[in-house]
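Per our numbering, the sequence shown starts with residue 43, numbered consecutively.
Backbone N, C-alpha and C fix where the C-beta goes; we use that ideal spot for every residue, glycine too.
Small disclaimer: the values here were computed from a predicted structure and weren't measured.
Below is one structure, written out as structure tokens; comments come after it.
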Amino acid sequence: MYEALWVASIIAFPLILFGLRVRQIYLSYRWRPAIAQITACYTGTIVDVDSLFVDAEFSVDGVSYHKTEINTRQMRRAGFEPGSLVSVFVNPDDPHDLILDKRDTNLLDALARSFVVRFLPTSSRSA
């Protein structure tokens, strides 16, 4: 029984990662692009995994917002130093909800983008 659970978890892990990346790419097509300025950069731990977090300020339609604890899902500080500008996508229904713009950097990203473009409706992209 434990062997079946172990095999299932090995299969599920990449599927979860793929699903999370598909969601992020899908949102990048439907949410509004913006430029944010990093105000703080620090490491944090989620379920025993270290990651780099940032706080950022941005504006949408002339209204300024400040978002804290944005998970960059990486550990490299390059490009995330305080004062740096980063691209983000902002939820048009809730401007406090945003994701970092992460370009395709590996095979998983390329497959996820291909899946989104082919199978999910992305035509309502705002400029």
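- For Asp151, the three-state secondary structure derived from DSSP is helix.
- For Ser129, there is no enclosing alpha helix (DSSP H); the residue is found in the beta strand (DSSP E) stretching over Leu127 to Val132.
- Straight across, the Cα-Cα distance linking Asp136 with Ile52 is about 35 angstroms.
- For Phe95, the enclosing beta strand (DSSP E) begins and ends at Val91 to Val102.
- Under the three-state reduction of DSSP output, Arg74 falls in the strand class.
- The secondary-structure analysis by DSSP pairs His108 across a beta bridge with Glu99.
- With a cutoff of 9 angstroms on beta-carbon distance, Leu153 and Ala76 are scored as not near each other.
- Counting along the chain, no beta strand (DSSP E) covers Leu162, and no H or E run does either.
- By the Cβ rule, the region 77 to 89 does not count as touching the region 57 to 68, because fewer than three pairs are nearer than 8 angstroms.
- Ala98 sits buried, since 16 or more C-beta atoms from the chains shown fall within 10 Å of its C-beta.
- For Leu47, DSSP assigns no beta-bridge partner whatsoever.
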